[in-house]
Structures are given as C-alpha cells and as structure tokens.
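**Q** The structure's right below; bear with me while I get my questions together.
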Amino acid sequence: IFALIKKYGIKKGVIDARPENKLSNKISEKSGGIIWTCDYSTKENATEIFKEDKEKRRVVANRTWSIDDMVEGVRLQNILLPMEAHTIGGGYDEVQAKGKKGAKPCGEFYSQLQAPTRIAIRDSRGLIRYSWQEGSEQDHYFHALNYCNIAKLQIGTMTSISENPENFQPQLRDRDMMTGMEDFDSF
C-alpha cells in the first residue's frame with residue numbers, strides 16, 4: 003500500500019476495516035491520514051450516506067447507497083476501469099477466448115465485479131428495500147472499486163454520481179502529499 007501511495011501520489015485511500023481490524027488501523031495510522039478504514043452500515047433506516055471520524059481516520063458508509071453509486075458510476079462511464087481490466091487477477095485465457103465464437107475475454111477482475119446482485123427485500127414493516135448479495139462468489143475487486151469511489155467522494159474530487167452526474171470531476175493528484183513518505187518502506 004505504501005509503495006502505491008509513493009508511486010501514484012495518492013491523496014486519499016479507503017480500505018476495509020475488517021476482518022483484520024488491528025492491521026487496517028495500523029496501516030491507516032502509518033499513512034499519516036491518507037488511508038482511512040471503512041465499515042459498511044446496513045441499518046434499514048440509515049439516513050447518512052457516510053459518516054467520518056477524522057480522529058480515528060474511519061468512515062462508515064451506507065453499504066447499499068455507496069454500492070449503488072459506484073455501480074451507477076461504472077454504468078455511466080464516470081468511473082473508468084483500467085484498460086487491461088480483463089487480465090487483472092488472472093483467469094484470462096486469450097487462446098480460449100478467441101476460440102469461442104462471440105466469447106469475450108473475462109479475467110478475475112470482471113468476474114468479481116459481476117458477482118454481487120442487487121435484490122429487493124421486504125423489511126419488517128412490509129416496505130421494500132434493496133441489498134447487494136454476493137452469495138458464495140468472490141467480490142474483492144468489487145468492494146475495492148467501491149472503496150475507491152468512497153475515497154473520491156470523501157475528498158470532494160467527485161460528487162455523488164447518482165445525485166449530480168454533471169459535476170463529475172476526475173481525481174487530481176497532489177504531489178505535496180508525498181512529504182514524509184520515505185518512512186513507509188520500514189513498515
């Protein structure tokens with residue numbers, strides 16, 4: 003993580019607080035506030051999109067809303083995926099993909115982006131609410147992309163796509179954030 007901060011001049015990052023809470027907190031602390039931890043809120047009546055605790059470098063994000071926002075950003079092409087996304091994570095076989103008529107190459111990255119499904123659930127009051135369910139499929143890249151979206155929203159380089167698509171701005175790198183990064187190599 004620290005090598006990536008140095009290499010790309012990362013201004014803000016968000017990582018999963020779980021299941022390794024001590025490790026994620028240590029990474030956040032060592033980053034000097036660049037990396038924050040995230041817990042998802044799944045409360046039915048949650049009104050906040052996300053809530054920040056600056057002292058703990060922690061954000062609690064409304065799980066359904068944040069994922070809906072990220073998926074909408076990908077759909078509208080406001081969140082751009084890497085050009086070589088089809089090869090990320092392995093599982094991509096160019097020969098096999100070319101051998102099948104109409105087959106599209108799909109590596110682990112795309113498989114994990116497609117794993118979760120948005121389903122309607124009737125709550126205790128009989129109202130319909132929505133939830134993202136992964137089943138037994140891996141979804142690490144899906145949530146990593148969501149954490150990236152949360153970080154962008156958190157630093158204000160991108161407004162909520164679902165609320166203000168016309169205000170989308172790409173994240174700007176801030177090379178001034180590199181001060182003090184030399185000690186990351188010792189982590």
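In this text, residue positions in the sequence shown follow this note's numbering: the first is 3, and each later residue adds one. Ideal Cβ positions, reconstructed from N, Cα and C, are used throughout, including at glycine.
#1: Are the Cβ atoms of C40 and V73 separated by less than 7 Å?
#2: According to DSSP, is N64 helix, strand or coil?
#3: What is the C-beta distance between I69 and W134, in whole angstroms, given that I count them as a contact (C-beta under 8 Å)?
#4: So what does DSSP say about S138, is it helix, strand or coil?
#5: Among I157, K58, L83, which has the Cα closest to the Cα of K24?
#6: Name, in chain order, the residues that DSSP records as bridge partners for F52.
#7: To the nearest angstrom, how far is the alpha carbon of E86 from that of Y143?
**A** From the atom records:
#1: Along the sequence shown, read from residue 1 onward, the residue named residue 40 stands at position 38. Along the sequence shown, read from residue 1 onward, the residue named residue 73 stands at position 71. Going by C-beta atoms, C40 is not nearer than 7 Å to V73.
#2: Position 62 of the sequence shown holds residue 64. Three-state DSSP puts N64 in a strand.
#3: For the purposes of this step, residue 69 is taken as residue 67 along the sequence shown, with counting starting at 1. For the purposes of this step, residue 134 is taken as residue 132 along the sequence shown, with counting starting at 1. With a contact defined as Cβ atoms closer than 8 Å, I69 and W134 qualify at about 5 Å.
#4: To locate residue 138, count along the sequence shown from 1; it is residue 136. Assignment of S138 by DSSP, reduced to helix, strand and coil, places it in the coil class.
#5: For the purposes of this step, residue 24 is taken as residue 22 along the sequence shown, with counting starting at 1. When each option's Cα is compared against that of K24, the closest is K58.
#6: Stepping through the sequence shown from its first residue, residue 52 is reached at position 50. BP columns for F52 point to A63.
#7: For this step, residue 86 is matched to residue 84 along the sequence shown. For this step, residue 143 is matched to residue 141 along the sequence shown. Roughly 14 Å separates the two Cα atoms.
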